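Protein chains in written order, with my numbering: chain A, 5 to 298; chain B, 5 to 298; chain C, 5 to 298; chain D, 5 to 298.
Quick reminder that beta carbons are idealized off the backbone N, C-alpha and C, glycines included.
Note that the coordinates shown come from a computational prediction; the quantities given were computed from them, not determined experimentally.
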């Protein structure tokens with residue numbers, strides 16, 4: 005019974021499209037990645053007027069080829085899952101849909117579905133899932149740990165930056181006024197963040213001596229506080245780095261060693277799309293559905 | 005005797021307005037926080053000409069609603085404290101007063117009390133007190149510790165930045181001169197800080213080859229010295245982080261364990277407004293006044 | 005047999021030109037370094053119109069002197085190696101050739117070989133090889149180790165920066181549009197990187213309130229994420245620093261002590277040009293060729 | 005014999021002017037510090053045209069008062085030292101002289117000694133010596149240690165920045181050309197450093213797509229390498245911080261404890277002007293001259 009299920013085409017399709025542990029699954033992901041990058045390059049080229057004028061037809065054909073390939077991918081994703089609606093309303097499901105339809109919309113209704121096409125850029129986020137498989141996993145996890153560990157501290161810090169931007173922005177609006185480009189408080193606060201973060205576009209710049217003096221304080225403050233998140237992440241990262249080191253040592257003589265050694269694979273449940281299954285798992289840890297292995 | 009005092013309305017009001025350990029106290033703080041943010045958004049919208057022209061009346065009514073709510077808060081704060089003058093002349097007392105009166109001033113005397121309204125931005129600082137309650141306490145304290153620990157070093161560093169800005173600013177004034185935007189030494193020093201902190205507005209930029217060469221030195225210097233405060237805070241933060249870790253371990257078997265474990269609450273003395281009382285404190289540590297608990 | 009080989013002129017020439025352990029080898033390197041820097045200064049001066057007009061002849065003569073000296077160096081390098089083709093097609097071989105020929109090309113064919121002359125700047129890279137000899141070795145190796153150790157993490161990080169630049173760049177193109185300087189998506193992505201890295205040229209700057217709001221998010225993001233590579237390198241460098249410290253201690257009582265203590269010299273095999281030979285090596289570790297010592 | 009020397013006026017004057025361990029010595033230093041700051045503010049105000057026009061006479065008189073006070077200080081410094089020439093040709097001796105004479109020059113020869121007046125800014129450097137006395141000593145020494153420890157590494161790093169600036173600057177000159185503001189290679193290299201250090205003035209900005217692409221690489225490189233000096237200083241500072249901590253512990257049970265505990269004072273030899281004498285020193289460690297204590 006188990007065996008018959010295991011090798012039907014739908015299970016296989018699910019494995020190829022949603023997972024990346026099998027050679028064909030990896031191949032599909034790499035092909036998809038190239039397709040996404042190509043589609044983004046296409047959108048970029050279209051937005052350049054001089055190129056669009058010259059190669060409009062070529063780009064138009066390329067656009068249709070990618071749209072059709074995306075459509076096929078979308079349909080395959082739909083039929084390979086047991087509960088298609090779950091995919092349709094998932095984050096990537098919505099992005100996949102919205103980045104596939106613009107050409108159809110433009111064909112049937114004519115006119116500006118251009119905006120939707122740019123949604124394809126969000127498809128790039130899928131890259132992280134695809135690349136996660138490889139050895140990058142360890143590196144990015146350690147990074148993620150240190151960022152999560154310092155999350156609250158960084159939030160408190162960003163909050164302090166925001167409050168001081170509002171305070172200084174309001175002061176600068178009063179000091180410089182509309183004549184010098186600080187036309188209203190929101191713009192003044194925006195300028196203040198531009199200065200605090202040391203970006204300094206220069207489209208707005210203080211003209212009065214008092215304004216320049218306050219700007220000096222803002223800049224030195226910004227220069228000084230850049231040290232804070234850096235210091236936090238440094239320390240947390242060093243800590244996370246040590247912990248990882250210790251963990252891998254302890255694992256052999258402590259409790260629950262399997263839990264820590266067993267690496268996660270890229271399987272995704274064909275019913276609820278849950279991920280992060282450990283190797284050797286037979287059932288989905290979330291909905292109890294049978295997990296299929298080749 | 006104690007019991008009759010404990011439950012009179014003034015004590016309760018004090019608890020609600022100045023403290024945040026009781027549900028009603030928390031509710032009041034959250035409501036106040038929302039009111040402050042709303043009032044700041046209102047001030048921001050008023051400063052945008054296009055919005056002010058369209059919705060002038062709506063904004064005017066909103067301004068009066070907030071002014072009346074702030075007035076009520078101010079009066080409540082006054083009557084719930086035993087020594088109201090202490091509140092009136094405290095930092096937040098002055099800010100509360102100044103951010104409440106502009107509408108009355110505008111009503112009676114007409115004309116530009118606009119400037120005072122922007123003082124409301126300073127009310128945002130109250131946010132820190134309100135948010136301090138939650139779990140952020142631990143995080144921000146550790147941050148504060150590491151900043152305090154590296155305070156002197158950062159001051160020495162900022163001093164060095166200032167001195168080199170004056171020296172380089174003067175040199176650039178001589179090299180570039182008024183023709184290239186370096187109209188006087190203070191402006192030249194201001195430009196130097198803009199460059200050292202890597203903000204680089206670009207409203208003033210060196211034009212002569214020699215000036216550009218000196219600018220190169222300033223920039224590389226600024227790029228190099230950004231490492232110093234970062235390094236200091238990193239090291240101090242790591243130290244503070246270790247200390248916290250050790251402290252929590254030692255606490256159980258060392259002297260004065262209560263002092264270290266007992267968390268501070270948000271009570272504030274109804275007589276002298278002193279804060280940072282430990283849980284279970286019966287008297288104000290500063291003026292001896294009885295502290296009331298619900 | 006060994007002795008006769010050792011002291012023939014070709015071996016000596018190889019030692020002088022390719023290595024830097026003998027006094028004459030060091031002298032040659034220092035002389036070459038000065039020549040490279042002089043040639044780069046010459047190219048720089050030529051590019052300045054006002055100087056070129058005034059001293060055209062002097063610069064032209066200087067250019068020929070350097071070209072001839074470079075030609076001699078190139079020929080010497082050719083004849084002192086056993087397999088000259090290996091040098092010709094090595095990285096520095098190609099750079100040496102390309103930075104030597106432009107004057108000859110200009111002489112025979114007239115017209116713009118100017119572009120090739122600027123290739124000399126790449127010759128500066130040789131500086132690293134020359135300075136590596138001295139005590140800088142230890143310092144830069146430790147640096148290299150920490151950069152290599154954090155390579156993958158920094159790549160993941162840079163990848164995240166790139167993806168978010170594409171996403172935010174596309175959004176800004178839609179929000180701001182061509183009227184405000186965001187003429188196409190590639191330019192918009194370029195602007196996004198300018199902002200994320202806190203460079204902020206200001207040639208393009210958001211004009212709409214929504215665009216400025218998104219810019220705020222980009223800047224705060226950029227300000228926040230600058231902490232990540234810094235934190236990584238800090239931690240890795242500290243680790244590398246500790247390791248070096250421990251290694252030098254362990255070396256005396258652990259296995260393979262010679263391997264770790266013996267410093268590399270600057271010898272290069274006269275047959276295959278392989279470098280990184282340990283002191284006392286008699287044969288090339290790569291092709292088995294005899295290594296000659298003075 | 006010792007006693008008669010000890011209390012003569014010249015010794016006392018030396019103690020007051022050159023040292024800062026006695027109350028009168030401290031007072032002199034504080035007074036001098038205020039005078040230097042006042043003189044710099046005066047120079048700054050003079051450079052502002054609108055202020056100079058209004059208060060020209062007041063500023064002129066103030067200038068003379070400061071000049072006379074500086075003259076007195078200079079003469080006192082001369083007569084209180086045994087070998088005046090050593091002071092005259094020391095760094096501060098030259099600065100003191102040059103910042104004192106401009107008013108005399110202007111009086112006798114008329115015309116622009118303005119430039120020399122600005123040399124007073126360099127007098128600010130004396131501030132470090134004066135402030136060193138106080139508790140800042142510990143802090144700044146630790147800072148100095150970590151900067152010295154990472155000196156070579158930072159030099160190697162700065163060198164890499166310089167070489168890549170020359171390489172990228174030359175490339176940008178070829179790609180963008182004179183039409184887009186990259187008028188010559190030195191200017192192009194200057195622009196490259198402006199970009200690498202994330203200053204980004206924006207007076208010159210790439211206009212061609214290829215130039216913008218290369219700029220992206222430069223910026224990401226600059227963003228990435230800012231991590232390197234920060235990481236180095238962080239690690240070195242943490243090391244220096246640990247060492248200090250360990251040192252103060254070890255001092256009590258190790259050899260040479262006095263050498264490490266005994267703090268330096270601010271005495272300076274009246275003969276050779278050497279500084280950094282330890283407390284209780286009777287003779288100058290450099291020239292053997294008797295050191296005088298009150």
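Coarse secondary structure for residue i, derived from DSSP in three states
{"i": "residue 43 of chain B", "result": "helix"}
{"i": "residue 94 of chain C", "result": "coil"}
{"i": "residue 215 of chain B", "result": "helix"}
{"i": "residue 33 of chain D", "result": "helix"}
{"i": "residue 184 of chain A", "result": "helix"}
{"i": "residue 128 of chain B", "result": "coil"}
{"i": "residue 100 of chain C", "result": "helix"}
{"i": "residue 23 of chain B", "result": "coil"}
{"i": "residue 190 of chain D", "result": "helix"}
{"i": "residue 205 of chain A", "result": "coil"}
{"i": "residue 156 of chain D", "result": "helix"}
{"i": "residue 59 of chain A", "result": "coil"}
{"i": "residue 53 of chain A", "result": "helix"}
{"i": "residue 16 of chain A", "result": "helix"}
Cβ distance (whole Å) where residue i is taken to contact residue j below 8 Å
{"i": "residue 14 of chain D", "j": "residue 84 of chain D", "result": "6 Å"}
{"i": "residue 220 of chain A", "j": "residue 197 of chain B", "result": "5 Å"}
{"i": "residue 189 of chain C", "j": "residue 48 of chain A", "result": "4 Å"}
{"i": "residue 172 of chain D", "j": "residue 218 of chain D", "result": "7 Å"}
{"i": "residue 211 of chain D", "j": "residue 182 of chain D", "result": "Between residue 182 of chain D and residue 211 of chain D the Cβ distance is about 12 Å, and since that is not below 8 Å, they are no contact."}
{"i": "residue 206 of chain C", "j": "residue 206 of chain D", "result": "4 Å"}
{"i": "residue 166 of chain C", "j": "residue 192 of chain C", "result": "Between residue 192 of chain C and residue 166 of chain C the Cβ distance is about 14 Å, and since that is not below 8 Å, they are no contact."}
{"i": "residue 234 of chain D", "j": "residue 234 of chain A", "result": "7 Å"}
{"i": "residue 74 of chain B", "j": "residue 103 of chain B", "result": "7 Å"}
Residue-chain proximity (residue i, chain C), Cβ-Cβ < 9 Å
{"i": "residue 238 of chain B", "result": "yes"}
{"i": "residue 219 of chain D", "result": "yes"}
{"i": "residue 61 of chain D", "result": "no"}
{"i": "residue 202 of chain A", "result": "yes"}
{"i": "residue 17 of chain A", "result": "no"}
{"i": "residue 12 of chain D", "result": "no"}
Closer than 9 Å to chain A by CB, residue i
{"i": "residue 35 of chain D", "result": "no"}
{"i": "residue 177 of chain B", "result": "no"}
{"i": "residue 251 of chain C", "result": "The pLDDT assigned to residue 251 of chain C is 45, lower than 50, so where the model puts this residue is not dependable; a value taken from the coordinates is nonetheless given after this. Judged by the 9 Å Cβ criterion, residue 251 of chain C is not in contact with chain A."}
{"i": "residue 97 of chain D", "result": "no"}
{"i": "residue 234 of chain D", "result": "yes"}
{"i": "residue 213 of chain B", "result": "no"}
{"i": "residue 167 of chain C", "result": "yes"}
Residue i classed as buried or exposed, judged by whether at least 16 other C-beta atoms fall within 10 angstroms
{"i": "residue 108 of chain D", "result": "exposed"}
{"i": "residue 32 of chain B", "result": "buried"}
{"i": "residue 19 of chain B", "result": "buried"}
{"i": "residue 81 of chain B", "result": "buried"}
9 Å Cβ cutoff, residue i in contact with chain D
{"i": "residue 76 of chain B", "result": "no"}
{"i": "residue 53 of chain C", "result": "yes"}
{"i": "residue 206 of chain A", "result": "yes"}
{"i": "residue 160 of chain C", "result": "no"}
Any chain B beta carbon closer than 9 Å to residue i
{"i": "residue 92 of chain C", "result": "no"}
{"i": "residue 29 of chain C", "result": "no"}
Near the ligand FAD: residue i beta-carbon under 8 Å from a heavy atom
{"i": "residue 175 of chain B", "result": "In the structure on display, the ligand FAD does not appear, and there are no ligands present to speak of."}
TODO: Say whether the region 154 to 170 of chain B touches the region 224 to 244 of chain A, bearing in mind that this needs 3 or more beta-carbon pairs closer than 8 Å, one atom from each stretch.
DONE: Result yes; three or more Cβ-Cβ pairs closer than 8 Å.
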